[in-house]
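Enquirer: Residue numbers (the numbering used here), protein chains in the order written: chain A, 1 to 565; chain Y, 1 to 327.
What follows is the structure, encoded as structure tokens:
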């Protein structure tokens with residue numbers, strides 16, 4: 001018992017020869033059909049390179065067009081030749097010139113020998129088919145398609161429409177149950193012979209020669225008449241993209257293909273030297289008795305197709321500028337954290353956070369004097385300039401670019417009422433933003449400053465108004481960012497959970513014990529300062545209910561740095 | 001916008017008298033040939049590699065307007081078999097930076113052809129370009145029913161002062177100018193022309209920090225399947241009718257797009273800047289560019305440790321600067 005291969009090729013004949021040679025050498029007979037359009041010189045080269053094998057035959061060359069019956073006719077010729085010339089063959093495997101075996105020939109032979117009666121062919125009723133691009137399924141069998149879909153798309157569409165409107169429907173011959181499926185099958189000698197020798201074959205051939213893309217329906221339908229044991233799946237691993245074109249595998253798919261455990265894959269890029277060397281060499285990994293499992297790879301393809309239809313998040317360019325609502329869901333390409341008020345309260349917050357989490361912790365990226373990149377860099381990743389004007393020309397592009405240019409690194413930055421506020425709306429609407437706010441913390445540096453009190457009072461009022469507007473945006477129901485808000489008073493009351501939240505926010509998976517805490521600035525007398533602002537007629541509501549702490553010994557110990565929890 | 005287009009077409013019609021034929025080989029243009037249009041002035045240094053690059057890409061015929069070169073560019077071009085040459089000594093600025101002249105030539109010769117419109121310091125590349133020439137690319141664009149392809153102008157610069165490294169005649173400029181800014185481009189949608197305005201890059205970083213809205217535009221549409229009714233609006237940044245500017249993909253995924261490698265910053269740029277400053281033939285608002293020219297005359301260093309070395313189209317595609325159209 002053996003397996004015979006029918007190989008349909010129309011270009012890159014050197015690769016077809018290489019693959020056929022591999023099978024022939026492993027005692028699997030091969031029948032080649034080379035498209036009549038292929039160059040004679042290439043065909044001669046192919047013949048010469050396969051001359052040393054006695055188990056290679058050539059089917060008469062036909063001129064095959066995409067989606068035409070000629071492909072089926074060529075397959076039928078080749079099948080006849082295979083059955084007549086190689087009586088030992090029990091399974092016939094249909095493959096294309098861009099197929100590549102992924103597992104050793106002997107494994108395939110054993111696998112099929114254990115299932116001598118099984119026909120492997122994807123064959124799905126037209127109602128169940130989900131993959132047809134363009135939406136034609138049953139109508140493939142009942143309409144006429146005189147115009148080429150590839151060359152005269154408009155005529156094709158018009159004619160289909162016309163037939164639908166007048167309610168035209170072809171008669172389907174008896175014995176044909178419309179089924180569709182992958183072109184690439186592996187059938188038993190019994191079933192294939194029954195199809196070839198069917199007394200109604202002439203009628204079927206005539207009928208199918210007018211069906212659209214008969215290579216996906218001829219065998220798939222007729223096998224239902226003749227076979228008793230159909231496994232409706234293809235042994236050939238192939239995937240289609242969202243436009244209905246086959247996915248092409250390149251060298252960098254090597255690992256992926258190795259994992260698939262499938263016997264044959266298509267379609268391989270003809271210049272993927274690594275793949276050909278790896279899979280046709282002798283070092284092919286033996287996987288005996290493992291079932292092919294293409295599902296393992298489906299995740300990858302689903303992702304690739306999603307990216308094609310939805311775009312890469314966080315990137316805008318000449319040709320990639322999404323214009324519709326979908327974009328509103330995700331704006332930047334990676335999550336990041338924004339800290340408001342933390343550097344006012346901790347003198348070494350940035351270095352602490354960087355040390356604890358390994359993230360890049362910038363200063364005030366939207367500061368009025370320019371972007372404070374980490375370590376005071378003037379030009380940061382991807383040549384982003386720290387110039388305030390360049391940044392403010394398009395602040396959201398600045399942030400999108402920063403995140404795009406530093407992919408793989410987690411970015412954090414400080415923000416506050418003294419900064420340029422134009423970015424605020426964007427931050428609130430970006431689901432990648434994780435914003436931690438201690439409201440009223442801006443009062444602390446004012447408290448430490450030596451400015452004249454009247455001026456402090458004015459600055460405080462301005463900051464508070466800016467912050468209130470910002471916080472209102474963050475609290476709006478349209479906000480997509482993750483927002484955590486504390487008032488200064490709440491924070492000082494119990495700072496440990498806040499810091500723990502900060503750490504967890506950056507890397508939710510890792511549980512980081514708070515073993516070391518940043519240094520809190522001196523808040524002795526701050527309560528008094530708040531009271532003084534109140535006495536001047538201001539209402540520092542954003543600070544919260546801060547205790548009047550100048551009564552000796554009352555609250556101060558709690559604000560002092562903390563026990564290790 | 002339609003009237004604007006008609007006005008520009010008419011304008012080109014009037015300016016056609018400014019052109020004098022030097023060598024007209026346009027009879028040789030065959031039906032599916034890919035044409036290249038350019039206006040040049042004193043580009044003898046760049047032309048040999050420029051022609052080689054585009055010949056390798058499959059350009060079949062070059063239609064060039066020489067705007068008063070005196071360095072032998074015209075003689076060099078006239079000697080090439082696949083170049084048709086026109087000459088003019090009229091003002092480059094008043095001819096919409098050469099666009100009026102080219103528009104006239106395109107009305108006459110480009111109808112129905114895929115055309116590349118570039119400057120002599122712009123080298124067009126796109127995903128897979130060394131293997132897939134423009135003929136193949138345009139077949140694919142035709143198949144996707146696209147009539148144009150967008151490109152980002154990517155400014156290349158050397159490591160060290162601009163005048164320090166010399167690019168030999170005929171040498172691949174990317175061997176000398178091998179660094180670029182990988183990020184820092186800003187995009188803005190312009191509803192009026194339905195196009196996307198991209199600014200940023202090294203010139204913006206170095207010279208336009210004071211007023212970024214004056215920085216040069218980097219988005220272009222250099223490859224168009226031309227019709228005699230089409231017209232470029234400002235340089236090749238936008239085309240009319242507007243649908244040609246729609247180089248974006250459907251939904252959020254990208255259409256295929258390329259990159260114009262901008263090789264302006266060769267060693268010669270420093271002395272040229274001084275000449276251009278005198279000539280005042282570039283840009284709408286010459287005065288705004290005084291600072292820019294002064295900056296260039298000062299022979300600055302563009303390179304920073306954050307600059308990336310140019311390694312090929314795969315790198316640019318991975319950075320998202322061009323798109324293979326697959327998202």
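All C-beta atoms in this analysis are idealised placements derived from N, C-alpha and C, irrespective of residue type, glycine included. Nothing here was measured: the structure is a model prediction, and the numbers come from that model.
(1) Over what stretch of residues does the alpha helix (DSSP H) that includes residue 78(A) continue unbroken?
(2) Following the continuous beta strand (DSSP E) through residue 222(Y), name the residue where it begins and the one where it ends.
(3) Could you compute how far the alpha carbon of residue 601(A) sits from the alpha carbon of residue 212(Y)?
(4) Below 8 Å on the Cβ atoms is my contact criterion, and I expect residue 186(Y) with residue 205(Y) to pass it. Report the Cβ-Cβ distance as a whole number of Å.
(5) If residue 380(A) sits next to residue 387(A), beta carbons under 8 Å apart, how far is it from one beta carbon to the other, in whole angstroms?
(6) Between residue 417(A) and the rest of its own chain, which residues show a CB-CB distance below 6 Å, the 5 nearest in sequence each way excluded?
(7) In this structure, how does DSSP classify residue 305(Y) when only helix, strand and coil are distinguished?
(8) What does DSSP give as the partner residues of residue 61(Y) in its beta bridges?
(9) Give the range of the beta strand (DSSP E) segment to which residue 266(Y) is assigned.
(10) Got a sec: which bits of the stretch 371-393 of chain A sit with their beta carbon under 7 Å from any beta carbon on chain Y, in order along the chain?
(11) Any chance you could list the beta strand (DSSP E) runs of at least 3 consecutive residues sitting entirely within the stretch 437-503 of chain A, in chain order?
(12) Check this for me: beta carbons of residue 257(Y) and residue 190(Y), under 9 Å apart or not?
(13) How long is the line joining the alpha carbons of residue 260(Y) and residue 150(Y), rounded to whole angstroms?
(14) Leaving out the 5 sequence neighbours to the left and right, which residues in its chain are closer than 7 Å to residue 361(A) when beta-carbon positions are compared?
(15) Which residues mark the beginning and the end of the beta strand (DSSP E) in which residue 86(Y) is found?
(16) Compare the C-alpha of residue 172(A) against each of 341(A), 257(A) and 209(A) and name the closest.
(17) Using a threshold of 9 Å, state whether the C-beta atoms of residue 91(Y) and residue 41(Y) are closer than that.
(18) Would you mind working out which of 425(A), 270(A) and 236(A) sits nearest residue 261(A), comparing C-alpha positions?
(19) Kindly say whether residue 402(A), judged by its beta-carbon, lies nearer than 9 Å to any beta-carbon of chain Y.
(20) Just to check my reading of the structure: residue 357(A) and residue 231(A) have Cβ atoms closer than 8 Å, yes? What is that Cβ distance to the nearest angstrom?
(21) At the level of alpha carbons, what is the spacing between residue 171(Y) and residue 49(Y)?
(22) Please name the residue in 528(A), 456(A), 164(A) and 267(A) whose C-alpha comes closest to that of residue 19(A).
(23) For the putative contact between residue 96(A) and residue 7(A), defined by C-beta atoms under 8 Å, what is the C-beta separation to the nearest angstrom?
(24) Can you confirm whether residue 616(A), when its beta carbon is compared against all beta carbons of chain Y, has any partner nearer than 9 Å?
(25) Does the Cβ of residue 565(A) have 16 or more other Cβ atoms within 10 Å, making it buried, or fewer, making it exposed?
(26) Report the residues of the stretch 38-70 of chain A with a CB closer than 8 Å to any CB of chain Y, ordered along the chain.
(27) Identify the contact partners of residue 432(A) in chain Y, using a Cβ-Cβ distance below 8 Å as the criterion.
(28) Taking the alpha-carbon of residue 117(Y) as reference, which of 24(Y), 131(Y) and 234(Y) has the nearest alpha-carbon?
(29) Is it true that the CB of residue 63(Y) sits closer than 9 Å to the CB of residue 89(Y)?
(30) I want to verify the contact list: residues of chain A whose CB lies under 9 Å from the CB of residue 188(Y), in sequence order.
(31) On the DSSP letters alone, give me the boundaries of the alpha helix (DSSP H) that residue 582(A) sits inside.
(32) Quick one: Cα of residue 206(A) to Cα of residue 218(A), how far?
(33) My assumption, with CB atoms under 8 Å, is that residue 78(A) sits in contact with residue 31(A). Please give the rounded CB distance.
(34) Can you give, in chain order, each stretch of the alpha helix (DSSP H) that sits fully within the stretch 157-228 of chain A and has at least 4 residues?
(35) Report the partner residues of residue 187(Y) according to the DSSP bridge assignment.
(36) Our contact map puts residue 58(Y) next to residue 119(Y) with C-beta atoms below 8 Å; I'd like the distance itself, whole angstroms only.
Expert: Reading from the atomic positions:
(1) As a working mapping, residue 78(A) is identified with position 78 in the first chain. Residue 78(A) -> alpha helix (DSSP H) spans 69-85.
(2) Here residue 222(Y) is taken as the residue at index 222 of the second chain, counted from 1. Run containing residue 222(Y): 219-225, per the beta strand (DSSP E) assignment.
(3) In this structure chain A extends from 1 to 565, so residue 601(A) is not present and cannot be described.
(4) As a first step, residue 186(Y) is located in the second chain; it is residue number 186 there, counting from the start. As a first step, residue 205(Y) is located in the second chain; it is residue number 205 there, counting from the start. That belief does not hold up - the Cβ atoms of residue 186(Y) and residue 205(Y) are roughly 12 Å apart, past 8 Å.
(5) Translated into the one-based positions of the first chain, residue 380(A) becomes position 380. Translated into the one-based positions of the first chain, residue 387(A) becomes position 387. With 8 Å as the limit, residue 380(A) and residue 387(A) do not qualify as a contact, their Cβ atoms being about 11 Å apart.
(6) Stepping through the first chain from its first residue, residue 417(A) is reached at position 417. Cβ within range, chain order: 442, 463, 466 and 467.
(7) On the second chain, residue 305(Y) is found 305 positions in, with the first residue counted as 1. If DSSP states are grouped into helix, strand and coil, residue 305(Y) belongs with coil.
(8) Position 61 of the second chain holds residue 61(Y). 35(Y).
(9) By 1-based counting over the second chain, the position of residue 266(Y) is 266. Unbroken run through residue 266(Y): none, as it is neither H nor E.
(10) 379, 380, 381, 382, 383, 384, 385, 387, 389, 390 and 393
(11) 482-487
(12) Here the question's residue 257(Y) lines up with position 257 in the second chain. Here the question's residue 190(Y) lines up with position 190 in the second chain. Result no, Cβ atoms of residue 257(Y) and residue 190(Y) do not sit closer than 9 Å.
(13) In the second chain, residue 260(Y) corresponds to position 260, counting from 1. In the second chain, residue 150(Y) corresponds to position 150, counting from 1. One C-alpha to the other measures close to 10 Å.
(14) Your numbering for residue 361(A) matches position 361 in the first chain. Taken in chain order, the residues that qualify are 350, 353, 354, 374 and 412.
(15) Here residue 86(Y) refers to the residue found at position 86 of the second chain. From DSSP, the beta strand (DSSP E) with residue 86(Y) extends over 83-88.
(16) Taking the first residue of the first chain as position 1, residue 172(A) is located at position 172. Minimum Cα distance to residue 172(A) is reached at 209(A).
(17) Residue mapping note: residue 91(Y) aligns to position 91 of the second chain, counting from 1. Residue mapping note: residue 41(Y) aligns to position 41 of the second chain, counting from 1. No, the Cβ-Cβ distance between residue 91(Y) and residue 41(Y) is not below 9 Å.
(18) Taking the first chain and counting its residues from 1, the one referred to as residue 261(A) is at position 261. Checking every option, the nearest Cα to that of residue 261(A) belongs to 236(A).
(19) Along the first chain, read from residue 1 onward, the residue named residue 402(A) stands at position 402. Yes, its Cβ sits closer than 9 Å to a Cβ of chain Y.
(20) On the first chain, position 357 is the one that residue 357(A) refers to. On the first chain, position 231 is the one that residue 231(A) refers to. Between residue 231(A) and residue 357(A) the Cβ distance is about 52 Å, and since that is not below 8 Å, they are no contact.
(21) Translated into positions along the second chain, residue 171(Y) becomes position 171. Translated into positions along the second chain, residue 49(Y) becomes position 49. Straight-line Cα distance between these residues: approximately 6 Å.
(22) Your numbering for residue 19(A) matches position 19 in the first chain. Considering only alpha carbons, the answer is 267(A).
(23) Here residue 96(A) is taken as the residue at index 96 of the first chain, counted from 1. Here residue 7(A) is taken as the residue at index 7 of the first chain, counted from 1. About 7 Å; that satisfies the 8 Å criterion.
(24) One cannot answer for residue 616(A) here, as it falls past the ends of chain A, which runs 1 to 565.
(25) Taking the first chain and counting its residues from 1, one reaches residue 565(A) at position 565. The predicted position of residue 565(A) is uncertain, since its pLDDT is 39 and thus under 50; a value taken from the coordinates is nonetheless stated next. Answer is exposed; the Cβ neighbour count stays below 16.
(26) none
(27) As a working note, residue 432(A) is residue 432 in the first chain. By Cβ distance, chain Y contributes nothing, its closest Cβ being about 16 Å from residue 432(A), past 8 Å.
(28) Counting from one through the second chain, the residue named residue 117(Y) turns up at place 117. The residue with the shortest Cα to Cα distance from residue 117(Y) is 234(Y).
(29) The residue labelled residue 89(Y) in the question sits at position 89 within the second chain. The residue labelled residue 63(Y) in the question sits at position 63 within the second chain. Contact flag unset, no.
(30) As a first step, residue 188(Y) is located in the second chain; it is residue number 188 there, counting from the start. Result: 394 and 397.
(31) There is simply no residue 582(A) to check, as chain A begins at 1 and stops at 565 in what is shown.
(32) In the first chain, residue 206(A) corresponds to position 206, counting from 1. In the first chain, residue 218(A) corresponds to position 218, counting from 1. For residue 206(A) and residue 218(A), the distance between alpha carbons rounds to 11 Å.
(33) In the first chain, residue 78(A) corresponds to position 78, counting from 1. In the first chain, residue 31(A) corresponds to position 31, counting from 1. That pair is a contact at about 4 Å.
(34) 189-196, 201-208 and 218-226
(35) In the second chain, the residue the question calls residue 187(Y) occupies position 187. Answer is 198(Y), bridged to residue 187(Y).
(36) If you number the second chain from 1, residue 58(Y) lands on position 58. If you number the second chain from 1, residue 119(Y) lands on position 119. At roughly 20 Å, the Cβ-Cβ gap does not stay under 8 Å, so residue 58(Y) and residue 119(Y) are not in contact.
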